[in-house]
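Asker:
Number of protein chains: 2
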Amino acid sequence: MLDIFKQVPLYRYLMYCQETEMPRRILDCGAGGDMPPLSLFEAYGYATYGIEFDPAQCEIANAYGRAKGQDLNIRQGDMRRLDFPDQSMGFVYSYNSIFHMRKAEVKQSLQEMDRVLMPGGLMFVNFLTTNDFRCGQGPDVGNHEHEQFDDDVPVIHSYYEPGEPDELFRNMEILYKEDRVLERIYEGERIRQGFVDYIVKKKAIS
Amino acid sequence: MLDIFKQVPLYRYLMYCQETEMPRRILDCGAGGDMPPLSLFEAYGYATYGIEFDPAQCEIANAYGRAKGQDLNIRQGDMRRLDFPDQSMGFVYSYNSIFHMRKAEVKQSLQEMDRVLMPGGLMFVNFLTTNDFRCGQGPDVGNHEHEQFDDDVPVIHSYYEPGEPDELFRNMEILYKEDRVLERIYEGERIRQGFVDYIVKKKAIS
Numbered sequence: 309m310l311d312i313f314k315q316v317p318l319y320r321y322l323m324y325c326q327e328t329e330m331p332r333r334i335l336d337c338g339a340g341g342d343m344p345p346l347s348l349f350e351a352y353g354y355a356t357y358g359i360e361f362d363p364a365q366c367e368i369a370n371a372y373g374r375a376k377g378q379d380l381n382i383r384q385g386d387m388r389r390l391d392f393p394d395q396s397m398g399f400v401y402s403y404n405s406i407f408h409m410r411k412a413e414v415k416q417s418l419q420e421m422d423r424v425l426m427p428g429g430l431m432f433v434n435f436l437t438t439n440d441f442r443c444g445q446g447p448d449v450g451n452h453e454h455e456q457f458d459d460d461v462p463v464i465h466s467y468y469e470p471g472e473p474d475e476l477f478r479n480m481e482i483l484y485k486e487d488r489v490l491e492r493i494y495e496g497e498r499i500r501q502g503f504v505d506y507i508v509k510k511k512a513i514s
Numbered sequence: 309m310l311d312i313f314k315q316v317p318l319y320r321y322l323m324y325c326q327e328t329e330m331p332r333r334i335l336d337c338g339a340g341g342d343m344p345p346l347s348l349f350e351a352y353g354y355a356t357y358g359i360e361f362d363p364a365q366c367e368i369a370n371a372y373g374r375a376k377g378q379d380l381n382i383r384q385g386d387m388r389r390l391d392f393p394d395q396s397m398g399f400v401y402s403y404n405s406i407f408h409m410r411k412a413e414v415k416q417s418l419q420e421m422d423r424v425l426m427p428g429g430l431m432f433v434n435f436l437t438t439n440d441f442r443c444g445q446g447p448d449v450g451n452h453e454h455e456q457f458d459d460d461v462p463v464i465h466s467y468y469e470p471g472e473p474d475e476l477f478r479n480m481e482i483l484y485k486e487d488r489v490l491e492r493i494y495e496g497e498r499i500r501q502g503f504v505d506y507i508v509k510k511k512a513i514s
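Listed in order, the protein sequences are those of chains A and B. Under my numbering, the first residue of the first sequence is numbered 309, with each subsequent residue one higher. Under my numbering, the first residue of the second sequence is numbered 309, with each subsequent residue one higher.
#1: Please tell me whether Val-449/A has its Cβ less than 8 Å away from any Cβ of chain C.
#2: What does DSSP give as the partner residue(s) for Ile-312/B in the beta ladder?
#3: Just how far apart, CA to CA, sit Arg-410/A and His-465/A?
#4: Is Arg-410/A helix, strand or coil when you go by DSSP?
#5: Verify the CB distance criterion: does Asp-487/B have a CB-CB separation below 8 Å to chain A?
#6: Just verifying my parser: in three-state terms, what is the DSSP assignment at Gln-326/A?
#7: Along the chain, where does the alpha helix (DSSP H) containing Glu-367/A start, and where does it finish?
#8: Would DSSP call Arg-332/A helix, strand or coil?
#9: Looking at the ligand NAD, does it come within less than 7 Å of Val-414/B, judged from the CB to the closest heavy atom?
#10: Checking contacts by CB at 8 Å: is Tyr-354/B closer than that to chain A?
#11: Mind listing, in chain order, the continuous beta strand (DSSP E) runs of no fewer than 3 residues lying wholly within the segment 432-461 of chain A?
#12: Going by beta carbon distance, what residues of the same chain come within less than 7 Å of Glu-481/A, once the five residues before and after it are set aside?
#13: Going by the DSSP bridge assignment, what does Ala-355/A pair with across the sheet?
#14: Please go through the same chain and pick out, in chain order, the residues whose beta-carbon is closer than 8 Å to the beta-carbon of Ala-369/B, but skip the five residues on each side of it.
#15: Under 8 Å between beta-carbons, which chain B residues line up against Ala-351/A? List them in chain order, please.
#16: Can you tell me where the beta strand (DSSP E) with Tyr-506/B in it begins and where it stops?
#17: Determine, using beta-carbon pairs with one atom in the segment 324-334 of chain B and one in the segment 425-435 of chain B, whether at least three such pairs fall under 8 Å.
#18: Closer than 8 Å, Cβ to any Cβ of chain B: which residues of the segment 311-337 of chain A, in chain order?
#19: Give a yes or no on whether 8 Å exceeds the smallest Cβ distance from Ile-493/A to chain B.
#20: Taking the beta strand (DSSP E) that Met-397/A falls in, what are its first and last residues?
#21: Using a beta-carbon distance below 8 Å, is Tyr-484/B in contact with chain A?
#22: So, is Asp-336/B buried or exposed, given that buried needs 16 or more other C-beta atoms within 10 angstroms?
#23: Which word fits Thr-438/B, buried or exposed, when buried means at least 16 other C-beta atoms lie within 10 angstroms of its C-beta?
#24: Which residues of chain B have a Cβ atom closer than 8 Å to the Cβ of Leu-490/A, listed in chain order?
#25: Cys-366/B to Arg-492/A, Cα distance in whole Å?
#26: If you reduce the DSSP assignment to three classes, tell me which class Met-426/B lands in.
#27: Excluding five sequence neighbours on each side, which residues of the same chain lie with their C-beta closer than 7 Å to the C-beta of Asp-362/B?
#28: From this set, Leu-310/A, Gly-502/A and Pro-317/A, which residue's C-alpha is nearest Tyr-403/A's C-alpha?
#29: Less than 8 Å separating the beta-carbons of Leu-490/B and Lys-314/A?
#30: When DSSP labels each residue in this structure, what does Asp-487/B get in the three-state scheme?
#31: Specify whether the segment 415-423 of chain B and the segment 439-449 of chain B touch according to this definition: at least 3 beta carbon pairs, one from each stretch, less than 8 Å apart.
#32: Have a look at the DSSP bridge pairing and note the partners of Ser-466/A.
#33: Taking the straight line between their C-alpha atoms, what separation do you get for Lys-376/B and Pro-331/A?
#34: Measure the CB-CB distance between Arg-423/B and Asp-394/B and report whether it falls below 8 Å.
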């Protein structure tokens, strides 16, 4: 039986993907980690492609695929400069990943994701929101773009007002948008996280 | 391959269930409809039980199960008076269902769900919130308890402030809570819905 993937909003995205007639070719931007959701899409018959900035996380994700008898096809890459042709993918997504950059770079990455997506194809992207408990921590180098640390490694986290990313998709159709504030227990502490998720469609004539 | 279930938050609940050692016996309160999520739990090895107020919806759900070779074991029942012994279930949930009653009846139903749940077992329940686009429509017969119509049938919808249900779980441990405001296209119209989802644990010593 398939693992249950912790990236729960991607089940909804898969449901939306399944309802289209687009070619089953999907790209994950930020595809690394110990439970790569591309494995879910591969199980449903998608040809998978993934890029990931950290080579170690690439290998962890590909090892997960190999253990399942899947070639997930994840390699080192940078979503600001995608090494894929224009309109080559039916689907492209980035889950819990794109906000680890400055907002100008997020915008650039979304333009790249749009570029490789076929007209009529679907994109999933989620963003951290200003409702997150870490928003405000660390120096703000821009507009809620905070210098923070994950496991002692310095990283940028960009936080958005829940409606703020709308304008990034003004050439696309927003099919689904969900503003979520969640509370859970993480390493013994109750934490509050804020995300806004988008499922958008690239217009057939652009 | 399994269908992707539109009741997406239940994937997270299943993930939490899988991480426990509780007996794999699960009850769905409001189990009817054309895509019964008990089918997902059955596929992962759970003994399933469901109750549903509307006999026609029972039959639709059981027919789905039969088509998949599953006996989902859904029958007519009333969650305000559950016909199951005390502490007989490892898991009990109610998805998009419990808020079709007055708030006093919701409370009564939750007490029944708590009664049939084993100590250490997990419950999932979600509520409509006052962020929903329909909150305020129709006569308010209580505290955001609105008389409305679904498909020309009169129904009550009870709407909660996002933190309001907390006190219903004061004898339980809240493991996960998610306040969600979503926008989607429904029958050609863009609608805004509000939900708050809870995953709670019955304390081992009560």
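Don't be surprised by glycine CBs; every beta carbon is placed ideally from N, CA and C. Source: prediction; values computed, not measured.
Answerer: The answer reads as follows:
#1: Judged by its chain identifiers, the structure shown contains no chain C, and its protein chains are A and B.
#2: As a first step, residue 312/B must be located in the second sequence, where it is residue number 4. Ile-312/B pairs with nothing; no bridge assigned.
#3: Numbered from its first residue, the first sequence carries residue 410/A at position 102. Numbered from its first residue, the first sequence carries residue 465/A at position 157. One C-alpha to the other measures close to 7 Å.
#4: For this step, residue 410/A is matched to residue 102 along the first sequence. In the structure shown, Arg-410/A sits in coil (DSSP, three-state: anything other than H, G, I, E or B).
#5: The count along the second sequence starts at 1 and reaches residue 487/B at position 179. Answer yes: the Cβ-Cβ gap between Asp-487/B and chain A drops below 8 Å somewhere.
#6: Residue numbering aside, residue 326/A sits at position 18 when the first sequence is read from its first letter. Reduced to three states, the DSSP call for Gln-326/A is helix.
#7: The residue you call residue 367/A lines up with position 59 of the first sequence. Start and end: 363-375.
#8: Reading the first sequence from its first residue, position 24 is the one you call residue 332/A. Arg-332/A falls in the coil class under three-state DSSP.
#9: Looking for the ligand NAD in the displayed structure turns up nothing, as the structure carries no ligands at all.
#10: Counted from its first residue, the second sequence places residue 354/B at position 46. Not one chain A Cβ lies under 8 Å of Tyr-354/B.
#11: 453-458
#12: For the purposes of this step, residue 481/A is identified with residue 173 of the first sequence, where counting begins at 1. Contacts found: Val-508, Lys-509 and Lys-511.
#13: Along the first sequence, one-based indexing puts residue 355/A at 47. Bridge partners of Ala-355/A: Arg-333/A.
#14: For the purposes of this step, residue 369/B is taken as the residue at position 61 of the second sequence. The residues are Ala-339, Gly-340, Gly-341, Asp-342, Pro-344, Leu-346, Gly-358, Glu-360, Leu-380 and Ile-382.
#15: Taking the first residue of the first sequence as 1, we reach residue 351/A at position 43. Simply Met-309.
#16: Residue 506/B sits at position 198 when you count from the first residue of the second sequence. That run of the beta strand (DSSP E) goes 497-510.
#17: Counting Cβ pairs under 8 Å, three or more are found: they touch.
#18: For the segment 311-337 of chain A, the set of residues with a beta-carbon nearer than 8 Å to any beta-carbon of chain B comprises Ile-312, Phe-313, Lys-314, Val-316, Pro-317, Tyr-319, Arg-320, Leu-322, Met-323 and Gln-326, in chain order.
#19: By one-based count along the first sequence, residue 493/A stands at place 185. With 8 Å as the cut-off, Ile-493/A counts as an interface residue toward chain B.
#20: Counted from its first residue, the first sequence places residue 397/A at position 89. Its beta strand (DSSP E) spans residues 397-402.
#21: In the second sequence, the residue the question calls residue 484/B occupies position 176. Cβ-Cβ to chain A under 8 Å: yes for Tyr-484/B.
#22: Sequence index remark: in the second sequence, residue 336/B carries index 28 (1-based). Buried, by the Cβ-count rule.
#23: Sequence index remark: in the second sequence, residue 438/B carries index 130 (1-based). Counting of Cβ neighbours within 10 angstroms places Thr-438/B among the exposed residues, the total staying below 16.
#24: The count along the first sequence starts at 1 and reaches residue 490/A at position 182. Within 8 Å Cβ-Cβ: Tyr-484, Lys-485, Glu-486 and Asp-487.
#25: For the purposes of this step, residue 366/B is taken as residue 58 along the second sequence, with counting starting at 1. For the purposes of this step, residue 492/A is taken as residue 184 along the first sequence, with counting starting at 1. Looking at the two C-alpha atoms, the distance is approximately 34 Å.
#26: For the purposes of this step, residue 426/B is identified with residue 118 of the second sequence, where counting begins at 1. In the structure shown, Met-426/B sits in a strand (DSSP, three-state: E or B).
#27: Position 54 of the second sequence, counted from the first residue, corresponds to residue 362/B. So the qualifying residues of the chain are Gly-340.
#28: On the first sequence, position 95 is the one that residue 403/A refers to. For the residues Leu-310/A, Gly-502/A and Pro-317/A, the minimum Cα distance to Tyr-403/A belongs to Pro-317/A.
#29: Position 182 of the second sequence, counting from 1, holds the residue named residue 490/B. Position 6 of the first sequence, counting from 1, holds the residue named residue 314/A. Against a cut-off of 8 Å, the Cβ pair of Lys-314/A and Leu-490/B comes out as no contact.
#30: Position 179 of the second sequence, counted from the start, is the residue given in the question as residue 487/B. Residue state, collapsed to three classes: strand.
#31: no
#32: Within the first sequence, numbered from 1, the residue matching residue 466/A stands at position 158. DSSP lists Glu-453/A as partners of Ser-466/A.
#33: By one-based count along the second sequence, residue 376/B stands at place 68. By one-based count along the first sequence, residue 331/A stands at place 23. Taking the straight line joining both Cα atoms gives about 27 Å.
#34: Within the second sequence, numbered from 1, the residue matching residue 423/B stands at position 115. Within the second sequence, numbered from 1, the residue matching residue 394/B stands at position 86. Taking 8 Å as the Cβ cut-off, Arg-423/B and Asp-394/B qualify as a contacting pair.
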